[in-house]
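Protein chains in written order, with this note's numbering: chain H, 413 to 540; chain U, 4 to 398.
Glycine residues also receive a C-beta, built at the ideal position from the N, C-alpha and C atoms.
To start, the structure under review is shown below, and the notes come after it.
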């Protein structure tokens, strides 16, 4: 699938997919990578080391710093795939150097699938 | 790719102006591409948010440190409130540990050339753009005030993107930098008489909640002070997502007048007043100055507190910018306030200071302060006029 480059890089990993938007500030533990927002589809799950697939971000601009904190703690997602990346998440990816691609039909990706994110070219491929 | 860069901007993006400038340019160009900007434009003034160590944490501080290695401001840049008065923090009960970390944040900004004034009202203390000037401001209340009351042009920036504009002197041309996106969409006819900043705060709540992110055109207000508009801007941005409003006969921006009209009545204001009043509140904290109090407001509070005593078990914070506090000292206001047992707190405010667990109930004249007191600090709240707040403090 061809999308738009938000931040460059090329990785292969396991997809973690949600239809819920994510607020990193207040919604994700910056030290563990666990989603802590009450009632969120991924509540209790860790986004650490995953290809995190979600529609878009929501919430405070401090969210950018949470992605940065995750990266520093070694708990960041491997890459992000969005339907539409919002500015808070985009800025977070840039300052944390997390590969990210948006304008992808995220319904085509299922949790547990092996996915390649080629954010050098904005291409997302499901490998298996 | 729709975004075109000048040769100088390309050099910044290629790292020819250093690491921090490159990172800053990556942020600005990416936002530009996401929002379909065709070019970057120069900005002449920046206001940065994300200053309190309480919100920033160690990771945020790390990022700023990295940027400060070779990043330097290119335009006038001021800072949002910190978590404490940078000089008198000790007597306000701030811990040594917090103070040390907060000072580290401020020092890093200073190293980059940021004017470390720490206020949410930069327009009152020397960061005052003029009509039509393109700027890059964070702090939702200041964004709303500068767009609407001054007529400068800015999007609602976050901390990192505002810093990026400061280090490059650029922002991407999209959103509220374009005239076509500054046109009013809904008309609100106000049928209630407003006389105080407190009333304007309630009005901001009503309109903010109704209008969300659509641009309001407000009629029925014959007179508003700078303090009234400061209060309205804070409230309408907190309870909606409003970054720009038009107020007939008062704000300077040109717009067509929307035909869709909604009424705002006395009942509407009363309804939000009741919403901001919790039941059975034990008031032990009174805070005025959200957004930061002007010298005029401080002068009036000093008169009210002159010769009086704050009651036992109550703490009073009047929050303001450091230069305003200096004027208050010169005028004797500071002495009157502090002799009464209240604090004139510079650089900080009740929304970003580490106050959780310290108080149970807040009385304030600010609708915005109620929002953060409830959400972040778990305080119960009561909203009253400044006069009633001071009465509560000394009774």
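Chain U contact residues for residue i, given Cβ-Cβ distances below 9 Å
i: residue 444(H); result: Per Cβ cutoff of 9 Å: no residues; residue 444(H) is ~13 Å from chain U at best.
Cβ of residue i within 8 Å of any chain U Cβ
i: residue 434(H); result: no
i: residue 500(H); result: yes
i: residue 473(H); result: yes
i: residue 513(H); result: no
i: residue 418(H); result: yes
i: residue 476(H); result: yes
Cutoff 6 Å; reference residue i; Cβ partners in own chain excluding five residues on either side
i: residue 280(U); result: 385
i: residue 251(U); result: 222
i: residue 236(U); result: 144, 147 and 148
i: residue 241(U); result: 371 and 374
i: residue 424(H); result: 528
i: residue 18(U); result: 25
i: residue 56(U); result: 86, 104, 105 and 108
i: residue 352(U); result: 84, 293 and 322
i: residue 168(U); result: 46, 49, 139 and 174
i: residue 22(U); result: 73
i: residue 337(U); result: 331 and 347
is_contact[residue i, chain H] using C-beta, thresh 8 Å
i: residue 59(U); result: yes
i: residue 328(U); result: no
i: residue 53(U); result: yes
DSSP bridge partner residues for residue i (one or two, in chain order)
i: residue 416(H); result: 514(H)
i: residue 80(U); result: 49(U)
i: residue 440(H); result: 447(H)
i: residue 349(U); result: 323(U)
i: residue 166(U); result: DSSP lists no partner for residue 166(U).
i: residue 173(U); result: 45(U)
i: residue 427(H); result: 463(H)
i: residue 288(U); result: 318(U) and 365(U)
i: residue 266(U); result: 192(U)
i: residue 249(U); result: 220(U)
i: residue 537(H); result: 528(H)
i: residue 159(U); result: 140(U)
Contact set for residue i: own chain, Cβ-Cβ below 7 Å, skip 5 residues either direction
i: residue 381(U); result: 359
i: residue 162(U); result: 51, 52, 53 and 141
i: residue 102(U); result: 87 and 92
i: residue 417(H); result: 513, 531 and 534
i: residue 313(U); result: 319, 343, 344, 345, 396 and 397
Under 7 Å by beta carbon: chain U residues contacting residue i
i: residue 481(H); result: 60 and 62
i: residue 484(H); result: 62 and 65
Neighbouring residues, chain H, relative to residue i (Cβ below 7 Å)
i: residue 359(U); result: Result: empty, since nearest Cβ-Cβ is about 14 Å, beyond 7 Å.
i: residue 37(U); result: 497, 499 and 502
Chain U contact residues for residue i, given Cβ-Cβ distances below 8 Å
i: residue 470(H); result: Per Cβ cutoff of 8 Å: no residues; residue 470(H) is ~12 Å from chain U at best.
i: residue 400(H); result: Residue 400(H) lies beyond the stretch modelled for chain H, which goes from 413 to 540, so this question has no answer here.
Partners in chain H for residue i, counting only beta-carbon separations shorter than 8 Å
i: residue 34(U); result: 499, 502 and 503
Beta-carbon contacts of residue i that lie in its chain and below 8 Å, excluding the five residues immediately before and after
i: residue 249(U); result: 151, 187, 218, 219, 220, 221, 256 and 258
i: residue 135(U); result: 154, 155 and 156
i: residue 285(U); result: 363, 364 and 383
i: residue 295(U); result: 84, 122, 123, 124, 127, 322, 323, 324, 327 and 352
Next on the checklist: Does the contact criterion of 3 or more C-beta pairs under 8 Å hold for the stretch 319-332 of chain U versus the stretch 63-79 of chain U?
Outcome noted: The stretch 63-79 of chain U and the stretch 319-332 of chain U do not touch, with fewer than three beta-carbon pairs separated by less than 8 Å.
Checklist entry - Are the stretch 292-312 of chain U and the stretch 265-284 of chain U in contact at 8 Å, needing three or more beta carbon pairs? => result The answer is no - the stretch 265-284 of chain U does not touch the stretch 292-312 of chain U, with fewer than three Cβ pairs under 8 Å.
Checklist entry - Are the stretch 117-133 of chain U and the stretch 144-152 of chain U in contact at 8 Å, needing three or more beta carbon pairs? => result As far as the Cβ criterion goes, the stretch 117-133 of chain U touches the stretch 144-152 of chain U, which means the pair count is three or higher.
Checklist entry - Do the stretch 192-204 of chain U and the stretch 499-514 of chain H meet, that is, are 3 or more Cβ pairs less than 8 Å apart? => result No, the stretch 192-204 of chain U does not touch the stretch 499-514 of chain H.
Checklist entry - Does the stretch 96-110 of chain U come close enough to the stretch 204-223 of chain U that 3 or more CB-CB pairs lie under 8 Å? => result Contact between the stretch 204-223 of chain U and the stretch 96-110 of chain U is absent, with fewer than three C-beta pairs closer than 8 Å.
Checklist entry - Can at least three beta-carbon pairs, one atom from the stretch 336-346 of chain U and one from the stretch 359-372 of chain U, be found at a separation below 8 Å? => result Pairwise C-beta distances place the stretch 336-346 of chain U out of contact with the stretch 359-372 of chain U, as fewer than three of them are shorter than 8 Å.
Next on the checklist: Assess contact between the stretch 431-448 of chain H and the stretch 31-38 of chain U, defined as three or more Cβ pairs (one per stretch) separated by less than 8 Å. Is contact present?
Outcome noted: Counting C-beta pairs with one atom in each stretch, the stretch 431-448 of chain H and the stretch 31-38 of chain U have fewer than three that are closer than 8 Å, which means they do not touch.
Checklist entry - Is the stretch 476-493 of chain H touching the stretch 457-464 of chain H in the sense that three or more CB pairs, one from each, lie closer than 8 Å? => result Look at the beta carbons and you see the stretch 457-464 of chain H touching the stretch 476-493 of chain H: at least three pairs across the two are nearer than 8 Å.
Next on the checklist: Using 8 Å as the cut-off, can you tell me whether the stretch 37-44 of chain U makes contact with the stretch 167-176 of chain U, which would need three or more C-beta pairs spanning the two stretches below that distance?
Outcome noted: Touching, yes, given that three or more Cβ pairs across the two stretches are closer than 8 Å.
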